[in-house]
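J.: Top to bottom, those sequences are chains D and H. Sequential numbering of the first sequence, starting at 18, is according to the numbering used here. Sequential numbering of the second sequence, starting at -19, is according to the numbering used here. Built from N, CA and C at the ideal position, the CB exists for glycine as well. Attaching a single structure in structure tokens format; questions to follow.
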Amino acid sequence: MPLLIDSAPDCIVQNEGATPDDDSLDFILQDRYADCAGFGTFMPGSTYGEDGSSAETLYYILTWLGIVVTVAALLAWVIYENRQLVGHVARVRGRRTAADEPPPEPGV
Amino acid sequence: MIDFLIAQVDSLEDAASAESQVLDSVILGEQYYFFTVVLMWLIHVGFMTYEAGVARRKNVLATAMKNILTIAVVTPTFYYVGWWVYNCNQPGFPPIGPNSSDFTSVACQGGIPWSDTFGPNLTNNINLIFFLAFLLFSWTTASIMSGALLERVRLSAYLLLAALLGSVVWILDAAWGWSAGGWMTLRFGFHDSIASGVVHGVAGAFALGVLFNLGPRIGKYTRDGLARSFRPHDLHRTLLGLMLIFTGFYAFYAACLVISSQSFPGWANIYLSPTTLGSITMVITFGFAGGFTGGYFGSRGDPFWTVSGGLAGVISVSAGADVYAPTLAYLISMGSAALVVWSGSWIEKKMRVDDVVGAVAVHGVAGFLGLIWVGVFAAGYPTGLNNVSSSLWGQLLGVATFLPLGFLTGWFASWVLKKMNLLRVPPEVELEGLDVVEYHADLYLPEMAAVRERIIEPDGTIVEAEAVVVEAESELIRR
């Protein structure tokens, strides 16, 4: 049994403990997946064309999580770069202002 | 009885053999697109090299990073949005009537990002690899804009614009005019087999819209509006980059075909009309030959425009590459490349648009010319599932649809960024160079960095750039 998360779709036939001969139809061990279409982690695992487009809740949530992260990364790029540029301009203008000031006179 | 049994066994063997052949065919198709994807990476290696060569030394790293991060942004946005746009919007807005085929609605199921075809799938191993070929087209489209904006656009602004162009704008026009179910093809016979207008024209128009808001680099124009030239820091790198792009273009061309193993000749264009891999390869090769020649004579031997002419030549024959004769491709590409050189100069000097790599001319002008040439030279070919003949009218409709779609979206998105002060780097940063400010690094050894940057004045004299750009910057700040 998986330690934390069982992400395999229900269509996969679990056959732990079987002898090798039980699944020797092909060199790809396809029997366990015979009822599956999309069988990636968290994917619906239903037969394509009948109810394949109705994603399981977890797969749906995972996809939306990816969308949110993509948007967040784009916003982070804008904010990070803006902060970097504004900081640099402030430093440059500060240096220029300091250079424009007359040097302190002796005794003042 | 024995005869009957033998016949039964034979029939079972035939069925097994037929099933095996179909499987072989599907796997070969999957491999075919896989290798086009791998080779199309060279387009991006090329874009990075090409643009880094054009940039001044102080902006080389920033330029290369921009190209690399295009992949980081367009990949997820195309997956989450772009493939849905392509597969689910082919009938147009609003959907155009009975001529739209059911093909669209079936394909739409595979376009949504939570479709079960986006992973290991026992019933569909073509959808993903086809998606990846389109993803590489999307990177290419976004990268076309990249070169035009060099040396003053913010990285984040570019990435937002790249996501919009690569994952929404171009793929929407592809849905309309570069698919078997697109309304422009089904109703008007629009014909753009290897994406002259769909990819290049739209990207060029989008870049022009952005350039209007972005403005020229500091010091590009004199007070009188005459154009100065910034010298590429490494012209050889630029030429090498273009040659890499050309290599990848062969894969781009190959990826635009559909394998149809059940019917002769086994290949179809994106509209499912027949063509051959050999014929489109012939056209691209003659497109380069004619384009180099036209670019050379159009620019009086300028190396940059000679090689760019090759690219423009190919783009101008792409729309009709599935049907053109080699000599026609040679002549069209030669004439188009010369026109592109002229238009590049016009855009720079008359329109005063600072397009660093001439992308608007090379991709935009050549792309839309390519659409028109099909209407002139290849009218009458049945295009698409409804077998509507290609025509000048249909091609002009394509220009009239794609040009505003690209230009207006680019202009509006960059206008919003400009209003938010997020489009362009501050003048101080532009003057110092983006590499030092954004990456805290100078790519070059100190002794190389000490070589003074030069600029070519409108009258052709070469002067040291520093005084010119500092003066231009202080003018800008005073304003």
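Along the region 75 to 86 of chain D, what residues have a CB closer than 7 Å to any CB found in chain H?
T.: Here the close residues are Y76, Y77, T80, G83 and I84.
J.: Are the region 165 to 178 of chain H and the region 350 to 367 of chain H touching, with three or more C-beta to C-beta distances below 8 Å?
T.: The region 165 to 178 of chain H, when compared against the region 350 to 367 of chain H, does touch it at the 8 Å Cβ threshold.
J.: Quick check on the DSSP output: the alpha helix (DSSP H) that includes L198(H) runs from which residue to which?
T.: It is worth fixing the name first, because residue 198(H) is Ile in this sequence and not Leu. It is not in any alpha helix (DSSP H) - I198(H) carries neither H nor E in the DSSP assignment.
J.: Just grab the DSSP bridge partners of G55(D) for me.
T.: Paired residues: N101(H).
J.: For a contact meaning CB atoms closer than 7 Å, what does Y60(H) contact in chain A?
T.: Protein chains D and H are contained in the structure displayed, whereas chain A is not.
J.: Classify H420(H) as buried or exposed, calling it buried when 16 or more other Cβ atoms lie within 10 Å of its own Cβ.
T.: Result: exposed.
J.: To the nearest angstrom, report how far apart V65(H) and Y276(H) are at their CA atoms.
T.: One C-alpha to the other measures close to 40 Å.
J.: For the alpha helix (DSSP H) containing V263(H), list its first residue and its last residue.
T.: First-last of the alpha helix (DSSP H) with V263(H): L257 to G278.
J.: At a CB-CB cut-off below 9 Å, which residues of chain H make contact with N99(D)?
T.: In chain order: R134, S136, N401 and L402.
J.: Specify the secondary structure class of A292(H) as computed by DSSP and reduced to three states.
T.: Three-state DSSP puts A292(H) in a helix.
J.: Cα-Cα, which of Y251(H), S95(H), L219(H) and R217(H) is closest to A160(H)?
T.: Comparing Cα-Cα distances from A160(H) to each of Y251(H), S95(H), L219(H) and R217(H), the minimum goes to Y251(H).
J.: Strictly by DSSP, which residues pair up with T363(H)?
T.: In the DSSP output, where bridge partners are listed per residue, T363(H) has V368(H).
J.: Does the Cβ of S454(H) have 16 or more other Cβ atoms within 10 Å, making it buried, or fewer, making it exposed?
T.: When all chains shown are included, S454(H) counts as exposed.
J.: When the Cα atoms are used, what is the spatial distance from T29(H) to S123(H)?
T.: Distance between the alpha carbons of T29(H) and S123(H): 12 Å.
J.: DSSP three-state label for W63(H), please.
T.: Reduced to three states, the DSSP call for W63(H) is helix.
J.: Just to check my reading of the structure: G374(H) and G169(H) have Cβ atoms closer than 8 Å, yes? What is that Cβ distance to the nearest angstrom?
T.: Yes, G374(H) and G169(H) are in contact; Cβ-Cβ is about 5 Å, under 8 Å.
J.: Under 6 Å Cβ to Cβ from G270(H), same chain only, skipping five residues before and after it: list those, please.
T.: Closer than 6 Å at Cβ, skipping near neighbours: G293, Y310, S313 and M314.
J.: Strictly under 8 Å for the Cβ-Cβ distance: is V30(D) near chain H by that measure?
T.: It does not; no Cβ of chain H falls within 8 Å.
J.: Would T261(H) pass as an interface residue toward chain D - the criterion being a Cβ-Cβ separation below 8 Å?
T.: Not closer than 8 Å to any Cβ of chain D, the Cβ of T261(H) fails to qualify, so no.
J.: Note the first and the last residue of the continuous beta strand (DSSP E) segment covering E444(H).
T.: Where E444(H) is concerned, the enclosing beta strand (DSSP E) stretches over I442 to E444.
J.: Leaving out five residues on either side along the sequence, give the residues of the same chain with a beta carbon under 7 Å from the beta carbon of D282(H).
T.: Excluding sequence neighbours, D282(H) sits near nothing in its chain.
J.: Note down the Cα distance separating D439(H) from V396(H), rounded to an integer number of angstroms.
T.: Rounded to whole angstroms, D439(H) to V396(H) spans 37 Å at the Cα level.
J.: Report yes if the CB atom of H216(H) is closer than 8 Å to the CB atom of A35(H), and no otherwise.
T.: In this structure, A35(H) does not lie closer than 8 Å to H216(H) by Cβ.
J.: Any idea which residues DSSP pairs A248(H) with across the strands?
T.: DSSP lists V238(H) and P254(H) as partners of A248(H).
J.: Quick check: what's the CA-CA separation for M164(H) versus F114(H)?
T.: The alpha-carbon atoms of M164(H) and F114(H) are separated by roughly 19 Å.
J.: Under the three-state reduction of DSSP, which class applies to I22(D): helix, strand or coil?
T.: The answer is coil: DSSP assigns I22(D) none of H, G, I, E or B.
J.: Considering only DSSP beta bridges, list what S(-3)(H) is partnered with.
T.: Looking at the DSSP assignment, S(-3)(H) forms no beta bridge with any residue, so it has no partner.
J.: CA-CA distance, A301(H) and V179(H)?
T.: The straight-line gap from Cα to Cα measures roughly 15 Å.
J.: With a CB to CB cut of under 6 Å and the five nearest residues on each side skipped, what residues in its chain are close to I442(H)?
T.: Answer for I442(H): R434 and I436, listed in chain order.
J.: Taking C-beta pairs closer than 9 Å, name the residues in chain H that L21(D) reaches, listed in chain order.
T.: Result: empty, since nearest Cβ-Cβ is about 21 Å, beyond 9 Å.
J.: Quick one: list the residues of chain D neighbouring G99(H), beta-carbon separation under 7 Å, in chain order.
T.: The contacting residues are G55, G57 and M60.
J.: Is it right to say L403(H) is buried, meaning 16 or more other beta carbons lie within 10 angstroms of its own, or is it exposed?
T.: So L403(H) ends up on the buried side.
J.: When the Cα of G390(H) is compared with those of A(-2)(H), Q89(H) and A128(H), which residue comes out closest?
T.: Considering only alpha carbons, the answer is A128(H).
J.: Going by alpha carbons, who is nearest to F27(H) out of Q11(H), N104(H), R432(H) and S126(H)?
T.: The residue with the shortest Cα to Cα distance from F27(H) is S126(H).
J.: Can you confirm whether E453(H), when its beta carbon is compared against all beta carbons of chain D, has any partner nearer than 8 Å?
T.: With 8 Å as the cut-off, E453(H) does not count as an interface residue toward chain D.
J.: Where does A207(H) sit, in a helix, a strand or coil, going by DSSP?
T.: A207(H): strand per DSSP, three-state reduction.
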